[in-house]
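Undergrad:
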Amino acid sequence: MTQTGDILIVGGGVMGTSMALELARRQVGRVIVLEKSFLGAGSSGKSGAIVRQHYSNRLTALMARKSLHVFERFEDQVGGPPVFTRTGMVLVVNERDRAGLEANLVLQRELGVQVSMVSARELTDIDANVRLADDELAVFESEAGYVEAVQAVHSFAEAARRLGADIRLGVEVRSILTRASKVVGVDTNEGKYECGTLVLAAGPWAAQLARGIGVTLPVQACRTQVALFRQPADYGRRSAVYGDFVQGIYFKPTHGEIIHAGSLAGEELKNPVDPDNYDEAADSDWLPTIRQRLSRRLPAMHRCYGRGGYGALYAITPDWHPILDRIPGIEGAYCAVGFSGHGFKMSPIVGQLMAELIVDGQAREIDITPLRLARFDEKDLVTTPYSYGVMG
Ligand SMILES: Cc1cc2nc3c(=O)[nH]c(=O)nc-3n(C[C@H](O)[C@H](O)[C@H](O)COP(=O)(O)OP(=O)(O)OC[C@H]3O[C@@H](n4cnc5c(N)ncnc54)[C@H](O)[C@@H]3O)c2cc1C
Numbered sequence: 009m010t011q012t013g014d015i016l017i018v019g020g021g022v023m024g025t026s027m028a029l030e031l032a033r034r035q036v037g038r039v040i041v042l043e044k045s046f047l048g049a050g051s052s053g054k055s056g057a058i059v060r061q062h063y064s065n066r067l068t069a070l071m072a073r074k075s076l077h078v079f080e081r082f083e084d085q086v087g088g089p090p091v092f093t094r095t096g097m098v099l100v101v102n103e104r105d106r107a108g109l110e111a112n113l114v115l116q117r118e119l120g121v122q123v124s125m126v127s128a129r130e131l132t133d134i135d136a137n138v139r140l141a142d143d144e145l146a147v148f149e150s151e152a153g154y155v156e157a158v159q160a161v162h163s164f165a166e167a168a169r170r171l172g173a174d175i176r177l178g179v180e181v182r183s184i185l186t187r188a189s190k191v192v193g194v195d196t197n198e199g200k201y202e203c204g205t206l207v208l209a210a211g212p213w214a215a216q217l218a219r220g221i222g223v224t225l226p227v228q229a230c231r232t233q234v235a236l237f238r239q240p241a242d243y244g245r246r247s248a249v250y251g252d253f254v255q256g257i258y259f260k261p262t263h264g265e266i267i268h269a270g271s272l273a274g275e276e277l278k279n280p281v282d283p284d285n286y287d288e289a290a291d292s293d294w295l296p297t298i299r300q301r302l303s304r305r306l307p308a309m310h311r312c313y314g315r316g317g318y319g320a321l322y323a324i325t326p327d328w329h330p331i332l333d334r335i336p337g338i339e340g341a342y343c344a345v346g347f348s349g350h351g352f353k354m355s356p357i358v359g360q361l362m363a364e365l366i367v368d369g370q371a372r373e374i375d376i377t378p379l380r381l382a383r384f385d386e387k388d389l390v391t392t393p394y395s396y397g398v399m400g
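If you use the numbering used here, the sequence shown corresponds to residues 9 to 400, in order.
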């Protein structure tokens, strides 16, 4: 039987559910989310979900800032339990990257971000376990922290449901249906759904779905890895979140005295995978390299307990920034894809901006023109002075 919705969202990750909430808030007709597995089954449920505002471009720093304000009061603004833990974030760079770092600080301060350069001594007041070498610089962003990712996705979905959105799990979109260059629906394992508006929020699966309607989305599904280590019993106070450019890793505290760590070196690009068939375990020879780098920054972690890790997916674009746009040539089709390993922190504002684009014809809160799809053909990429793509 054919089912009908006004706006159909493909993908029940943090982007699909955030957009569902914002669209449902606007009461613009029947909003349906189709998720082939379960909520957060893609990148979102495995995310580190660190929220920091340290970016080298104003647009993404602003998107992070506006989203942080939602995460900080998630229980009031979205509903469900609080999801944000404020830890502060330490960024460590080599002295030779001072110019890039200082430029970012200027940009962050202009946006009102609380951030300051800290000496090795000041840093030990923030985290007694940390060590900084003489040729290293550290910056502390006090408002940063991390989100309980799975809960946030569920709370977005629940809030959208309360406002009338229909969130359907186990429904796989097999193809997007068009007539005379207009979206008319999708074909799924449950039959057809008709719609006048379709939003692609399928994360690492987005490019393959778009290919079916002759659209090339430069979004590559790539495998990333996470290492988990239990802190020693005498570790003391919980750690901050770190972006350690010198060691090429990020790390953050997570449940049960565990530190979650992963690479910042952009190595994911060497690992393009089939998102339906990739290794969900961490490589046994990768885990010790992360442990070694983590222990150089936090010497107490030489005595940590390895707790394994996991493989996960990034959806990476050529400039490591997302695509928020209409799908050209297909009236009624939109995409919010390619978050390149750092999208979770922007999910509240992405929901709002996409709802504005769809309902009002234009994103109003922030100009998202730099994130248009055509930028890749126009060679007008979002650039960063950092070589660490994921930090943007
Ligand atoms: C290990 C890891 C650490 C990360 N750390 C951070 C971080 O610290 N900070 C940060 O901001 N970001 C981080 N990210 C990135 C962030 O998690 C992602 O950018 C974000 O979750 C992307 O959300 P999404 O909704 O676009 O995609 P996804 O969560 O992948 O959702 C896409 C959904 O679409 C569904 N789907 C796909 N195809 C179909 C279909 N044909 N029919 C129906 N449903 C379909 C999938 O099942 C999936 O649930 C991290 C990501 C990972 C993997």
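The beta carbon of each residue, even a glycine, is placed where N, CA and C say it ideally should be.
Every value quoted in this text rests on a predicted model; they were computed, and no experiment measured them.
In the DSSP assignment, find the beta strand (DSSP E) that holds F259 and state where it starts and stops.
TA: Position 251 of the sequence shown, counted from the start, is the residue given in the question as residue 259. Note, F259: beta strand (DSSP E), I257 to T262.
Undergrad: In terms of residues, what are the limits of the alpha helix (DSSP H) holding L70?
TA: Position 62 of the sequence shown holds residue 70. R66 to E80 is the extent of the alpha helix (DSSP H) around L70.
Undergrad: Give, in chain order, every unbroken run of the beta strand (DSSP E) that is at least 3 residues long and sits entirely within the region 310-390.
TA: 313-324, 331-334 and 341-345
Undergrad: At a cut of 8 Å, does the region 76-92 reach the region 152-164 through at least three beta carbon pairs?
TA: The region 152-164 and the region 76-92 touch, with three or more beta-carbon pairs separated by less than 8 Å.
Undergrad: Write down the C-beta distance between V36 and V367 rounded to the nearest angstrom, noting that I regard them as a contact closer than 8 Å.
TA: In the sequence shown, counting from the first residue as 1, residue 36 sits at position 28. In the sequence shown, counting from the first residue as 1, residue 367 sits at position 359. V36 to V367, Cβ: 5 Å. Contact.
Undergrad: Below 8 Å on the Cβ atoms is my guess for V358 versus L208; work out the distance and round it to an integer in Å.
TA: Residue 358 sits at position 350 when you count from the first residue of the sequence shown. Residue 208 sits at position 200 when you count from the first residue of the sequence shown. Not a contact, Cβ separation roughly 13 Å.
Undergrad: Buried or exposed for G120, please, with buried defined as at least 16 other CB atoms from any protein chain shown within 10 angstroms of its CB.
TA: Along the sequence shown, read from residue 1 onward, the residue named residue 120 stands at position 112. By the 10 Å Cβ count, G120 comes out exposed.
Undergrad: Quick one: does the C-beta of M97 sit closer than 6 Å to a heavy atom of ligand 1?
TA: As a working note, residue 97 is residue 89 in the sequence shown. The answer is no for M97.
Undergrad: If distances are taken between C-alpha atoms only, which option among Q11, P356, R60 and P326 comes closest to Y250?
TA: In the sequence shown, counting from the first residue as 1, residue 250 sits at position 242. For Y250, the nearest C-alpha among the options comes from R60.
Undergrad: Quick check on the burial criterion: 16 or more other C-beta atoms within 10 angstroms. Buried or exposed for H62?
TA: Position 54 of the sequence shown, counted from the first residue, corresponds to residue 62. Taking all protein chains shown into account, H62 has 16 or more neighbouring C-beta atoms within 10 Å of its C-beta and is therefore buried.
Undergrad: May I have the straight-line CA-CA distance separating L225 from L171, to the nearest angstrom?
TA: Your numbering for residue 225 matches position 217 in the sequence shown. Your numbering for residue 171 matches position 163 in the sequence shown. Going from the Cα of L225 to the Cα of L171 covers about 31 Å.
Undergrad: Decide if the region 175-190 is in contact with the region 36-52; the criterion is three or more beta carbon pairs, one per stretch, under 8 Å apart.
TA: The region 175-190, when compared against the region 36-52, does touch it at the 8 Å Cβ threshold.
Undergrad: Using alpha carbons as the reference points, say which of A165, E118 and L67 lies closest to G19.
TA: Position 11 of the sequence shown holds residue 19. Among A165, E118 and L67, the Cα nearest to that of G19 is on A165.
Undergrad: Looking only at its own chain, which residues have a Cβ that is under 7 Å from the Cβ of E198, when we skip the five neighbours before and after it?
TA: Residue 198 sits at position 190 when you count from the first residue of the sequence shown. Cβ within range, chain order: V179.
Undergrad: Comparing alpha-carbon positions, which option in V78, N279 and V192 lies nearest E151?
TA: The sequence position of residue 151 within the sequence shown is 143, counting from 1. Out of V78, N279 and V192, V78 has the C-alpha closest to the C-alpha of E151.
Undergrad: Of the choices C203, S51, P378 and P261, whose alpha-carbon is the least far from that of F92?
TA: Locating residue 92 in the sequence shown gives position 84, where the first residue counts as 1. Measuring from the Cα of F92, the nearest candidate turns out to be P261.
Undergrad: Give the C-beta separation of Y154 and A57 to the nearest angstrom, bearing in mind that I take them to be a contact with Cβ-Cβ under 8 Å.
TA: Locating residue 154 in the sequence shown gives position 146, counting from the first residue. Locating residue 57 in the sequence shown gives position 49, counting from the first residue. With 8 Å as the limit, Y154 and A57 qualify as a contact, their Cβ atoms being about 5 Å apart.
Undergrad: Report the CB separation of P280 from G50 in whole angstroms; it is logged as a contact under 8 Å.
TA: In the sequence shown, counting from the first residue as 1, residue 280 sits at position 272. In the sequence shown, counting from the first residue as 1, residue 50 sits at position 42. Between G50 and P280 the Cβ distance is about 16 Å, and since that is not below 8 Å, they are no contact.
Undergrad: Which value, in whole angstroms, describes the spacing of the CA atoms of V123 and R304?
TA: As a position in the sequence shown, residue 123 is number 115, starting the count at 1. As a position in the sequence shown, residue 304 is number 296, starting the count at 1. Answer to the nearest angstrom: the Cα atoms are 24 Å apart.
Undergrad: Just to confirm, is the Cβ distance from A235 to L295 under 7 Å?
TA: Translated into the one-based positions of the sequence shown, residue 235 becomes position 227. Translated into the one-based positions of the sequence shown, residue 295 becomes position 287. Yes, Cβ-Cβ distance for A235 and L295 is below 7 Å.
Undergrad: Hey, could you find the ends of the alpha helix (DSSP H) A214 is sitting in?
TA: Sequence index remark: in the sequence shown, residue 214 carries index 206 (1-based). Looking at the DSSP string, the run of the alpha helix (DSSP H) that includes A214 is A214 to R219.
Undergrad: Just curious, the alpha helix (DSSP H) that H62 is in, first and last residue?
TA: Counted from its first residue, the sequence shown places residue 62 at position 54. Run containing H62: none; DSSP gives neither H nor E here.
Undergrad: Taking just the CA atoms, how far does Q11 sit from R94?
TA: Here residue 94 corresponds to residue number 86 of the sequence shown, with the count starting at 1. Here residue 11 corresponds to residue number 3 of the sequence shown, with the count starting at 1. Going from the Cα of R94 to the Cα of Q11 covers about 43 Å.
Undergrad: Which of helix, strand or coil does DSSP assign to K44?
TA: Here residue 44 refers to the residue found at position 36 of the sequence shown. The answer is coil: DSSP assigns K44 none of H, G, I, E or B.
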